[in-house]
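Engineer: Quick one: the structure is below, questions incoming.
Numbering (our numbering), first residue to last: 60 to 167.
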């Protein structure tokens with residue numbers, strides 16, 4: 060039997076339940092992919108097709124694992140840059156304070 064999108068039926072609707080318990084419905088798989096790529100959803104959120112009773116964790120569904128992995132790796136990269144920038148700013152502030160107190164030479 061052909062999938063519903065090839066038969067001309069209505070698109071498959073999904074229900075999403077986030078980690079904090081918020082539930083909402085999306086109209087089709089394209090919206091699901093958009094939410095995953097924009098990091099509105101993560102691996103611990105749950106999904107089910109409208110009309111089904113069993114929830115599945117997004118991270119356990121093979122079709123979405125690569126998208127989730129890409130989102131996680133890009134998030135880690137941004138987080139690392141922000142942490143390094145914060146640490147450099149802290150070091151600069153400490154040096155400015157020590158310089159004004161006269162405990163660090165201006166040649167540093």
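Here a beta-carbon is modelled for each residue, glycine too, at the ideal position from N, C-alpha and C.
DSSP has residue 105 in a bridge; who is on the other side?
Structural biologist: Taking the chain shown and counting its residues from 1, one reaches residue 105 at position 46. Its beta-bridge partners are 76, 116.
Engineer: With H, G and I counted as helix, E and B as strand and the rest as coil, what does DSSP make of residue 83?
Structural biologist: Walking along the chain shown from the start, residue 83 turns up at place 24. Three-state DSSP puts residue 83 in a strand.
Engineer: Mapping DSSP to helix, strand and coil, what is residue 97?
Structural biologist: As a position in the chain shown, residue 97 is number 38, starting the count at 1. Three-state DSSP puts residue 97 in coil, outside helix and strand.
Engineer: In whole angstroms, give me the CA-to-CA distance for residue 95 and residue 149.
Structural biologist: Start at 1 with the first residue of the chain shown, and residue 95 comes out as number 36. Start at 1 with the first residue of the chain shown, and residue 149 comes out as number 90. Roughly 34 Å separates the two Cα atoms.
Engineer: Taking 7 Å as the cut-off, does the CB of residue 108 come closer than this to any heavy atom belonging to the ligand ADP?
Structural biologist: The ligand ADP is not part of the structure shown, which contains no ligands of any sort.
Engineer: Hey, residue 102 and residue 118 are a contact pair by Cβ (cut 8 Å); roughly how many whole angstroms apart?
Structural biologist: Translated into the one-based positions of the chain shown, residue 102 becomes position 43. Translated into the one-based positions of the chain shown, residue 118 becomes position 59. That belief holds up - the Cβ atoms of residue 102 and residue 118 are roughly 3 Å apart, short of 8 Å.
Engineer: Rounded to the nearest angstrom, what separates residue 107 and residue 72 at their Cα positions?
Structural biologist: In the chain shown, the residue the question calls residue 107 occupies position 48. In the chain shown, the residue the question calls residue 72 occupies position 13. For residue 107 and residue 72, the distance between alpha carbons rounds to 9 Å.
Engineer: Output the distance between the C-alpha atoms of residue 183 and residue 139, rounded to the nearest integer angstrom.
Structural biologist: Limits of the chain in this structure are 60 at one end and 167 at the other, which puts residue 183 out of reach.
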